[in-house]
Structure formats: structure tokens, C-alpha cells
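The next block holds one structure in the form of C-alpha cells; read it before the comments.
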Amino acid sequence: MLVVACIKQVPDTTQVQIDPVTNTLVREGIPFIVNPYDTHALEESLRLKDKFGFRVVAMSMGPPNAEATLRKAMAAGVDEAILLSDRVFGGADTLATSNVLSAAITRLNKTEPVGIVFCGKQTIDGDTAQVGPGIATRLGFTQLTLVDRIINLDLSRKVIRVRRKLEGRHEIVEAPLPVMITVVRELNRPRYPKVPMRLESANSEVKVWNNEVLKLDVNKIGLKGSPTWVSRIFSPEREKGEIIGDGINDPVGTAHLLVDKLRSKDLLAL
Amino acid sequence: MKTLLVCEYREGKLLDSSYELVAFAERLGAEKALVIIGSEPEAPKVNGKVYVAAAATYGEYNPDLHKKLVLEAVQRENPDYIVFLHSSYGWDLAPRVAAALKAGQVSEVVGIVDGKLEVGFCNAKLRRIVSAKSARTVVTIQAGAFSFTGEATGTPQIEKLDTTAASSVEFIGYEPAEAKDVDLTRAEVIVSAGRGIGKKDNVPVIAALAKALGGELGASRPVVDSGWVEHSHQVGTTGQSVSPKLYVACGISGAIQHLAGMKKSDFVVAINKDKDAPIGEIADVLVVADVMQFVPAMTAKLMK
């Protein structure tokens with residue numbers, strides 16, 4: 013059985029800066045990292061490899077320089093790394109991206125059945141949280157989102173039991189393989205690649221599949237295959253250092269203001 | 054323009070946040086119809102059409118069934134937008150509906166600008182305006198971004214929904230959220246105590262706020278050195294470097310060593326009686342207050 017970890021190269025958003033004059037994103041010099049949620053997807057794939065001996069393939073769609081991201085996955089211990097890269101894949105939204113990833117997974121599936129596809133629950137640069145579910149629908153895999161624990165994988169019955177992280181509680185569900193799982197950070201702690209493996213990975217091959225390999229209809233990929241588009245990027249009003257309420261004379265009223273503020277920032281029930 | 058609003062229901066109750074969907078539709082200037090799925094769900098008190106799927110089997114989340122019910126309502130209403138809350142429910146269900154409809158999805162919408170959807174980007178440091186060219190668009194809205202200011206006193210016009218679908222997922226049960234180990238580097242919320250809390254006996258007050266926010270207790274070095282809190286909770290250059298989504302500094306003035314350990318936090322709240330304390334320079338929000346008066350009030354509000 014094959015396990016596929018989908019990973020994405022993203023700009024390190026903690027270092028993203030806005031040009032104060034032009035009010036645009038400063039792109040130069042921003043380091044790229046593996047999307048943090050995807051590192052947990054990768055780690056869980058490797059744990060299943062350690063436990064069951066599955067072969068693990070790391071897969072990423074991106075520009076040629078996303079190869080660096082896949083090398084990190086090789087250093088961590090995946091058996092194979094595949095970069096899906098072609099100009100016609102560019103400008104894709106989540107729907108078009110999941111079309112390409114699904115086609116690549118289908119191709120792998122022809123030589124060895126894919127049992128589990130892991131994705132991060134979201135990416136830090138786009139936050140659409142839709143690529144994993146899109147893959148599940150296209151492949152007909154059972155969709156399990158927000159997983160924070162794999163309770164049991166029963167290979168004789170071909171079922172997996174997982175725990176999903178909901179608001180203030182967890183849900184335990186069981187589903188037949190194959191499945192597509194999106195993971196949250198609590199699932200595991202990613203390993204650090206050992207130095208010899210890092211050196212070895214510098215020389216190992218990252219396969220590149222372009223659209224001559226996948227042969228997808230150009231109307232279903234890239235910009236053309238994307239139903240959504242971004243018309244403008246801008247910097248929100250800066251709110252730093254704002255003093256809320258009058259905490260000295262009205263602690264209760266100010267507490268209410270702060271709770272409302274945190275709720276509006278989606279910072280409650282994390 | 055028409056919206057189909059997918060309300061949310063948990064443990065026998067309509068979630069108040071369902072009214073935020075109504076606020077979204079109003080901000081968009083669109084007509085609305087609502088859907089609610091659950092065992093004996095309470096219909097939202099709004100004027101207009103509300104599709105109610107009420108049956109014992111709809112109570113626990115059965116994704117295949119819920120998807121089919123929403124699609125049934127889509128077919129009857131022919132909406133331009135199908136709108137969910139950006140919760141675990143919407144997170145799981147919205148993309149299933151989008152895929153079934155071959156619709157574009159715009160997630161975690163925070164605002165509407167000239168009739169277009171505004172979403173956060175790059176950890177909410179930036180915003181972008183997203184449009185969709187598909188016949189329908191699936192939307193999830195950020196909790197709290199659209200506040201419903203009216204009164205929920207309308208009379209819904211109820212239509213029943215019913216369907217059957219085999220479930221690919223078997224529901225086993227729920228587990229309460231458990232206490233986590235202290236690993237501040239992975240915490241999404243940290244509430245830290247500084248010397249401004251006054252004395253060791255006040256530590257549980259700060260810990261209670263951490264718990265109410267679903268986070269971990271952190272501490273500044275002086276508090277740890279005084280033996281008020283264990284070292285495993287210390288944030289800063291001699292403790293742990295952290296990057297939670299929310300960092301609440303209680304009575305911490307903000308020594309440079311402490312700031313170095315927490316400045317990567319996404320959102321910083323500082324509670325301090327001195328408005329000129331260095332922590333205020335990196336805080337997103339500053340509350341000028343007596344920590345021991347303010348923190349219990351905040352915990353009480355959260356527990357309500």
C-alpha cells in the first residue's frame with residue numbers, strides 16, 4: 013500500500029513585509045518553507061511507514077524551485093518525491109490544484125494502490141482548506157478532515173479509525189480505505205532529518221511530472237481551470253498598539269470589548 | 054442575487070453564530086433562504102424560507118447525508134452563494150458541496166468590498182479580494198466577522214427536507230477536549246503571567262484565563278525565578294520561544310529577553326497598568342488595567 017503526503021512550498025508568512033510606500037507585498041528575499049501543517053502530514057506518513065512498512069511518496073505542485081521542498085521530504089525519509097510542475101499548471105486556485113494532484117495520485121495508483129493521502133488542514137499563504145477535500149472527491153476517497161489522532165489502522169478489515177478535532181470536543185469516526193486525511197498540528201511532532209540523510213537527499217532524484225506526463229485538459233488546470241481569481245491584494249488597516257476601553261475604571265466592560273475583539277479575529281476556540 | 058445559508062446546530066441547539074450568516078447576506082444585499090439539519094432542530098427566527106431537515110439520523114454529523122440535503126436545497130432555491138460558517142462543520146462540508154456543484158469556493162471571508170468577497174491572506178497580514186466565475190460560489194465566513202445587530206424575532210416559513218444516503222463514515226462517539234501537556238512551542242494560545250500579578254497566590258487566576266481561552270499558561274522569567282510557576286512554562290530567551298496565534302501577556306512589562314521569545318506570535322494582547330510599558334510597542338491590543346481586576350472579568354465573560 014502506498015501513502016501519499018501532499019506538501020506545498022509557501023512563503024514564510026512571519027517574514028512577509030509590506031512596502032510602506034507602494035503598499036504591496038515585498039517578494040524579494042522572503043524565504044520559502046514547507047507549509048507548517050504539511051510537515052505534520054509528512055510526519056504521519058513516515059510514522060505509518062515505520063510501523064507498517066508502507067512506501068511513502070511526497071508530492072508537490074509548484075514552480076521548479078519547489079524541488080527544494082521535496083528534498084526536505086526526502087531527507088526526512090520518504091521513498092519517492094514527485095514535483096508536478098508545468099507552466100500550464102500556474103495560476104491555479106484550489107480546484108485546479110486538486111485536479112492536478114488527483115491526476116498524479118491516479119497515476120501512482122496504477123502501479124501500487126494508494127491507501128491514504130495526507131494533506132495539511134490548510135496552507136498559511138492561502139488558507140482555502142479545500143485542496144484535500146477536492147482530491148478526496150475526485151478520487152472517490154473517504155474524506156476525513158481535522159484529524160488529530162490516528163487511533164487504529166486495521167489492514168485486515170481495511171478500515172481506519174481517527175479522532176477529529178472539533179470545537180471543544182473530539183469526534184471519533186471509522187472509515188474504509190482509501191481515505192484522504194487532513195491533519196492538525198496536534199497530531200504529531202515532526203522529526204528533524206539526520207545529517208547523513210540530508211547529505212544523501214542532496215543527490216537524490218526528485219521526479220518532475222509535467223502535463224505531457226499527466227495529459228490533463230488545459231481547461232481544467234491552471235488559470236483557465238480556476239473558478240476563482242484574486243483581483244486585488246492589500247494591507248489591512250494597521251491596528252497595532254490600539255488601547256481598548258477603560259480597564260482601570262471599567263474592567264468588566266473592557267473585558268467584554270476584548271472578548272468581542274478576539275472573536276472578530278477568530279481567536280476564540282482555537 | 055440569492056444566498057443559501059447553512060445554519061449550524063450543536064448538542065440540540067441552534068448556534069447563535071448562524072445569525073452571522075444572515076448578517077452576511079444583508080451586507081451583500083442578497084435574498085436569503087436558510088437550511089438547518091439536525092435532530093429536532095430549532096429553526097432560526099428570521100423572516101423567510103427555512104429548510105428544516107429534522108430526523109434523529111441527521112443529528113450527528115453524517116457528511117454524505119448533510120451534503121445531499123444541502124444539495125437538495127440548492128436545487129430548490131437556485132442560489133448564487135451557498136454560505137457556511139468557517140467552523141469544523143463548514144470546514145468539512147463546504148468543500149464537499151463545492152466539489153459536487155463544481156463551484157468555486159472562497160473560504161473564511163472577513164468582509165465585503167464593493168460587493169466582492171474579502172479574505173485574509175498570509176496569516177491575515179494581508180487581505181485579498183476574490184471573485185468567482187462559476188455559476189455558484191461556496192463561501193465560508195469567519196466567525197465574528199459579520200455581526201448580526203438586529204433582533205431574532207422573525208417568523209420563518211418552514212419547508213421540510215428529507216433524503217437518505219449511505220454514509221462512508223461511521224460515527225463512533227465524542228470525547229471531551231482533554232488537558233494537554235505543556236509544550237508551549239505548539240500551543241495556539243498562551244496566556245502568560247508576569248510580576249504584575251503581584252503574588253504566587255494569583256497564578257491560578259491567570260491559569261483560569263488560559264483554560265477559558267483553550268490555551269496554555271506561560272510565564273516571564275522573574276515569575277519563574279521567584280518559584281511562582283515551573284520553568285517548563287517560561288517564555289523568553291532562557292525559556293521557550295513561542296509562536297501561538299494568540300498571546301496574552303498579563304502584568305508583563307516586556308523585557309527584551311521576553312519579547313524575543315514571543316514576538317512571532319500572530320496576535321498579542323497586553324494587559325498592563327502602565328500604558329507606556331515596552332510590551333505595548335509590540336502588542337496588537339493593549340488593555341490598561343489592574344491585571345487582578347481585569348483577568349477575572351475576562352474569564353467570567355468567556356465562561357458565560
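Protein chains in written order, with our numbering: chain A, 13 to 282; chain B, 54 to 357. Glycine residues also receive a C-beta, built at the ideal position from the N, C-alpha and C atoms. Being a predicted model, the structure only gives us computed values, none of them experimental.
Whole-angstrom distance between residue j and residue i, CA atom to CA atom
i	j	result
L270/A	G304/B	16 Å
F130/A	L107/A	17 Å
V16/A	V68/A	6 Å
A148/A	A96/B	32 Å
K233/B	R201/A	The pLDDT assigned to K233/B is 47, lower than 50, so where the model puts this residue is not dependable, and the model offers no usable value.
G292/B	H286/B	8 Å
S160/B	V150/B	13 Å
S294/B	W221/A	39 Å
V90/A	V159/A	21 Å
V191/B	D329/B	46 Å
S71/B	V322/B	28 Å
L42/B	A196/B	This structure cannot speak to residue 42/B, because chain B is shown only from 54 to 357.
P205/A	L156/A	28 Å
D343/B	N325/B	7 Å
A214/A	G249/B	51 Å
S273/B	S245/B	7 Å
A80/A	A87/A	11 Å
Host beta strand (DSSP E) of residue i (start-end)
i	result
K169/B	K169 to F174
Q21/A	Q21 to P23
L165/A	T154 to D166
E84/B	E84 to G91
E183/A	R181 to P188
R176/A	V171 to K177
S138/B	Before going on, a small fix: residue 138/B reads as Leu here, not Ser. It spans Y134 to L138 - the beta strand (DSSP E) in which L138/B sits, taken as one unbroken run.
Chain-ordered neighbours of residue i on chain B, where CB pairs are closer than 9 Å
i	result
R67/A	Residues of chain B passing the Cβ test: none, with the nearest at roughly 25 Å.
A108/A	Chain B residues near A108/A: none, gap ~10 Å exceeds 9 Å.
Chain C within 7 Å of residue i, Cβ atoms only
i	result
S213/A	Looking for chain C here will not work: the only protein chains present are A and B.
Contacts of residue i in chain B (Cβ-Cβ under 7 Å)
i	result
G89/A	Within 7 Å Cβ-Cβ: nothing; G89/A doesn't reach chain B, min ~21 Å.
P145/A	P148, R149 and A152
DSSP three-state assignment for residue i, whether helix, strand or coil
i	result
D145/B	helix
F77/B	helix
T56/B	strand
M345/B	helix
F130/A	strand
S216/A	coil
L82/A	helix
R203/A	coil
T194/A	strand
S184/B	strand
A153/B	helix
N325/B	strand
P43/A	coil
P208/A	helix
Q158/B	strand
Q128/B	helix
V114/B	The displayed chain sequence assigns Tyr, not Val, to residue 114/B. In the structure shown, Y114/B sits in coil (DSSP, three-state: anything other than H, G, I, E or B).
T352/B	helix
R119/A	helix
N-terminal and C-terminal residue of the alpha helix (DSSP H) that residue i is part of
i	result
I332/B	I332 to I335
P145/A	V143 to L151
G314/B	I309 to M315
Chain-ordered chain B contacts of residue i [CB-CB under 8 Å]
i	result
K273/A	V338
H268/A	K354
I256/A	V338, L339 and V340
I260/A	K326, V341, A342 and D343
Q21/A	None at all; the shortest Cβ gap to chain B is about 14 Å.
D105/A	G157
Contact set between residue i and chain A, taken where Cβ atoms lie within less than 9 Å
i	result
F224/B	E183, I184, V185 and E186
Q195/B	S276, K277 and D278
D215/B	Simply none; closest approach about 24 Å.
L299/B	L274, K277, L279, L280 and L282
P331/B	Within 9 Å Cβ-Cβ: nothing; P331/B doesn't reach chain A, min ~12 Å.
A86/B	Neighbours of A86/B on chain A: none; closest Cβ ~23 Å, over 9 Å.
Chain-ordered chain A contacts of residue i [CB-CB under 7 Å]
i	result
S187/B	P239
A350/B	P263, V264 and A267
D133/B	In chain order: nothing, as chain A lies at least about 13 Å away.
L181/B	Note that residue 181/B is Arg in the sequence shown, not Leu. Within chain A, the residues near R181/B are V242, R244 and I245.
P229/B	R181
Listed by chain order, chain A residues near residue i by CB distance under 8 Å
i	result
P116/B	Q155
K362/B	Residue 362/B lies beyond the stretch modelled for chain B, which goes from 54 to 357, so this question has no answer here.
V322/B	L270 and L274
Item to complete: Taking only runs that begin and end inside the stretch 221 to 277 of chain A, name each unbroken beta strand (DSSP E) of 3 or more residues, in chain order.
Response: 240 to 246
Worksheet item: Along the chain, which unbroken stretches of the alpha helix (DSSP H) at least 4 residues long are found entirely within the stretch 59 to 107 of chain A?
Response: 79 to 88
Worksheet item: Unbroken beta strand (DSSP E) runs of length 3 or more, entirely within the stretch 223 to 293 of chain B: which are they?
Response: 223 to 229, 242 to 246 and 269 to 272
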